[in-house]
Amino acid sequence: MDILYFAWVRERIGLPRERVETGAETVAQLVEELRGREPRYEAAFADLSALRVALDQELADFDAPLSGVREVAFFPPMTGG
1 MDILYFAWVR ERIGLPRERV ETGAETVAQL VEELRGREPR YEAAFADLSA
51 LRVALDQELA DFDAPLSGVR EVAFFPPMTG G
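Residue 1 is where the sequence shown starts when you use UniProt numbering, and the numbers rise one by one after that.
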(Lines of atoms letter the chains of each structure in order from A and count residues from 1; the text may use other names and numbers.)
(Lines give C-alpha, C1' and ligand atoms only; values in the text may rest on other atoms or scores of the structure.)
Protein backbone atom coordinates (compact mmCIF):
# COMPACT_ATOMS: atom_id res chain seq x y z
CA MET A 1 0.00 0.00 0.00
CA ASP A 2 1.13 3.57 -0.58
CA ILE A 3 1.53 5.86 2.41
CA LEU A 4 1.59 9.62 1.89
CA TYR A 5 2.86 12.15 4.42
CA PHE A 6 1.97 15.85 4.37
CA ALA A 7 3.19 19.03 6.08
CA TRP A 8 5.17 18.49 9.31
CA VAL A 9 4.55 14.73 9.16
CA ARG A 10 6.57 14.64 5.92
CA GLU A 11 9.23 16.87 7.47
CA ARG A 12 9.68 14.59 10.50
CA ILE A 13 9.77 11.38 8.47
CA GLY A 14 11.78 12.85 5.62
CA LEU A 15 9.69 11.29 2.84
CA PRO A 16 6.64 12.48 0.92
CA ARG A 17 5.48 8.90 0.27
CA GLU A 18 6.51 5.29 0.50
CA ARG A 19 5.18 1.86 -0.36
CA VAL A 20 4.89 -0.61 2.50
CA GLU A 21 3.84 -4.19 2.99
CA THR A 22 1.84 -4.56 6.18
CA GLY A 23 -0.12 -7.12 8.12
CA ALA A 24 -1.98 -4.37 9.97
CA GLU A 25 -5.76 -4.67 10.00
CA THR A 26 -6.48 -1.08 11.10
CA VAL A 27 -4.88 2.33 10.73
CA ALA A 28 -3.91 2.23 14.42
CA GLN A 29 -2.04 -1.05 13.90
CA LEU A 30 -0.28 0.43 10.87
CA VAL A 31 0.79 3.42 12.97
CA GLU A 32 2.21 1.06 15.60
CA GLU A 33 4.20 -0.77 12.91
CA LEU A 34 5.54 2.52 11.57
CA ARG A 35 6.43 3.79 15.06
CA GLY A 36 8.57 0.71 15.55
CA ARG A 37 10.68 1.38 12.46
CA GLU A 38 12.85 4.31 13.51
CA PRO A 39 12.83 7.28 15.91
CA ARG A 40 11.70 9.64 13.13
CA TYR A 41 8.46 7.67 12.77
CA GLU A 42 7.99 7.60 16.53
CA ALA A 43 8.34 11.41 16.53
CA ALA A 44 5.89 11.86 13.66
CA PHE A 45 3.23 9.66 15.27
CA ALA A 46 3.81 10.65 18.91
CA ASP A 47 0.52 12.55 19.24
CA LEU A 48 -2.30 11.06 17.17
CA SER A 49 -4.68 13.78 18.32
CA ALA A 50 -2.61 16.14 16.15
CA LEU A 51 -3.07 13.95 13.05
CA ARG A 52 -5.77 13.11 10.58
CA VAL A 53 -5.87 10.16 8.21
CA ALA A 54 -7.46 9.52 4.83
CA LEU A 55 -7.95 6.12 3.22
CA ASP A 56 -8.14 6.23 -0.56
CA GLN A 57 -8.76 10.00 -0.27
CA GLU A 58 -11.65 9.66 2.20
CA LEU A 59 -11.30 10.96 5.76
CA ALA A 60 -11.23 8.09 8.25
CA ASP A 61 -10.63 7.27 11.91
CA PHE A 62 -7.60 5.48 13.31
CA ASP A 63 -9.73 2.42 14.07
CA ALA A 64 -10.79 2.13 10.41
CA PRO A 65 -10.03 -1.19 8.69
CA LEU A 66 -7.34 -1.33 6.01
CA SER A 67 -8.84 -4.20 4.01
CA GLY A 68 -8.79 -3.25 0.32
CA VAL A 69 -7.17 0.14 0.96
CA ARG A 70 -4.53 1.19 -1.58
CA GLU A 71 -3.53 4.59 -0.19
CA VAL A 72 -3.17 5.95 3.35
CA ALA A 73 -2.45 9.65 3.90
CA PHE A 74 -1.39 11.25 7.18
CA PHE A 75 -1.66 15.01 7.68
CA PRO A 76 -2.31 17.65 10.35
CA PRO A 77 -5.86 18.93 10.87
CA MET A 78 -7.04 21.35 8.21
CA THR A 79 -8.03 24.87 9.08
CA GLY A 80 -10.51 27.01 7.24
CA GLY A 81 -10.18 30.60 6.31
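All residues carry an ideal CB built from backbone N, CA and C; glycine is no exception.
The structure displayed is predicted, hence computed values, not measured ones.
Spatial neighbours of residue 77 within its chain, please: CB distance less than 7 Å, with the 5 preceding and 5 following residues excluded, ordered by chain position. Position 77 of the sequence shown, counting from 1, holds the residue named residue 77. Scanning its chain for C-beta atoms nearer than 7 Å, with the 5 sequence neighbours on each side dropped, one finds around residue 77 the residues 52, in chain order.
Suppose the cutoff is 7 Å on Cβ atoms and the five residues either side in sequence are ignored; what does the same chain contact list for residue 34 look like? For this step, residue 34 is matched to residue 34 along the sequence shown. Closer than 7 Å at Cβ, skipping near neighbours: 41, 45.
For residue 9 and residue 3, I'd like the C-alpha separation in whole angstroms. Here residue 9 refers to the residue found at position 9 when the sequence shown is read from its first residue. Here residue 3 refers to the residue found at position 3 when the sequence shown is read from its first residue. Here the C-alpha atom of residue 9 lies approximately 12 Å from the C-alpha atom of residue 3.
For residue 30, I'd like the list of residues in its chain whose CB is within less than 6 Å of its CB, leaving aside the five on either flank, ordered along the chain. Within the sequence shown, residue 30 is the residue found at index 30, counting from 1. 22, 24.
Going by DSSP in three states, residue 38 sits in which element: helix, strand or coil? Here residue 38 refers to the residue found at position 38 of the sequence shown. Three-state result, residue 38: coil.
Could you pull out every unbroken beta strand (DSSP E) segment of at least 3 residues lying fully inside the stretch 4 to 49, listed in chain order? Runs found: 17 to 19.
Cutoff 8 Å; reference residue 57; Cβ partners in own chain excluding five residues on either side: What you label residue 57 is simply residue 57 of the sequence shown in a count that begins at 1. Spatial neighbours of residue 57 in its own chain (CB-CB distance under 8 Å, excluding positions within 5 residues in sequence) are listed in chain order as 71, 73.
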